[in-house]
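Structure, as structure tokens:
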Amino acid sequence: MSVEDKERLEEELKKRVLENMRGSEELAEFFSETLRNFSYRYIESDSTGEALPNWSDEKTLVIEVDEPTLANALKTDNPTTRKGLIDLAKSFSKKDEPCVRYRLGVVLKNINNQGGGTFQIFAETNWDFPSFQDGAKKNAKAKELNFDDALELRNNFARHLEEVCVVL
2 MSVEDKERLE EELKKRVLEN MRGSEELAEF FSETLRNFSY RYIESDSTGE
52 ALPNWSDEKT LVIEVDEPTL ANALKTDNPT TRKGLIDLAK SFSKKDEPCV
102 RYRLGVVLKN INNQGGGTFQ IFAETNWDFP SFQDGAKKNA KAKELNFDDA
152 LELRNNFARH LEEVCVVL
């Protein structure tokens, strides 16, 4: 393959990606699919089943899952999260059915006409059962992202999402 052919193919691919992810519906579909993949990898278990993203408001797409089996939750590698989950397990008896709440999402702050924009991603493990209100009993991480266009977004979004998932 010549250098010209390679450059032409790369340009065609970029053009296709930019066209396919130009509108907010296409971006929402991309984010939804990516969040589902990360949920499967980090959050879902045999006791939670499949988790689906929902719009909590017009700009925030989030997956929220309650994990009723603390043994599944304790598989985390994050020391802060693990300590909180151990405290949760010590604070309640099994008959109280304590659970852990996970949240993973993206806020669409600004979308440009190239399919990029400004977005905030977040992940959270909350062990403040049953109210889930005490901010001291959760481990959360958020990150703001800026992408010039849909190609940059598609190529880099998952890598950034991986960084916030360390709290799960």
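Position one of the sequence shown corresponds to residue 2 (this note's numbering), numbered consecutively onward. Every residue, glycine too, gets a C-beta built ideally from N, C-alpha and C.
Query - Minimum length 4: unbroken alpha helix (DSSP H) runs contained in the region 75-115 - result: Secondary structure within the region 75-115: the alpha helix (DSSP H) runs of 4 or more consecutive residues, fully enclosed, are 80-92 (chain order).
Requested in this report: Have a look at the DSSP bridge pairing and note the partners of T126.
Outcome: In the sequence shown, the residue the question calls residue 126 occupies position 125. The partner list for T126 (beta bridge, DSSP) reads Y103, N140.
Query raised in the report: Any idea if N156 is buried or exposed, counting beta-carbon neighbours within 10 angstroms, 16 or more meaning buried?
Result: Working through the sequence shown from its first residue, we reach residue 156 at position 155. Per the 10 Å Cβ criterion, exposed.
Report task. Measure the Cβ-Cβ separation of G117 and A151 and say whether it is below 8 Å. Result -> As a position in the sequence shown, residue 117 is number 116, starting the count at 1. As a position in the sequence shown, residue 151 is number 150, starting the count at 1. Yes, Cβ-Cβ distance for G117 and A151 is below 8 Å.
Requested in this report: Could you give the DSSP three-state label for E8: helix, strand or coil?
Outcome: Numbered from 1 along the sequence shown, position 7 holds the residue referred to as residue 8. Residue state, collapsed to three classes: helix.
Query raised in the report: How many Å lie between E65 and Y43 at the Cα?
Result: Position 64 of the sequence shown, counting from 1, holds the residue named residue 65. Position 42 of the sequence shown, counting from 1, holds the residue named residue 43. Their backbone Cα atoms lie some 12 Å apart in a straight line.
Query raised in the report: If we count the other Cβ atoms within 10 Å of its Cβ and call it buried at 16 or more, is E51 buried or exposed?
Result: Walking along the sequence shown from the start, residue 51 turns up at place 50. Exposed: under 16 other Cβ atoms inside 10 Å.
Report task. Return the residue from the list N113, T70, Q121 that minimises the CA-CA distance to K96. Result -> The residue given as residue 96 occupies position 95 in the sequence shown. K96 has its Cα closest to that of T70, out of N113, T70, Q121.
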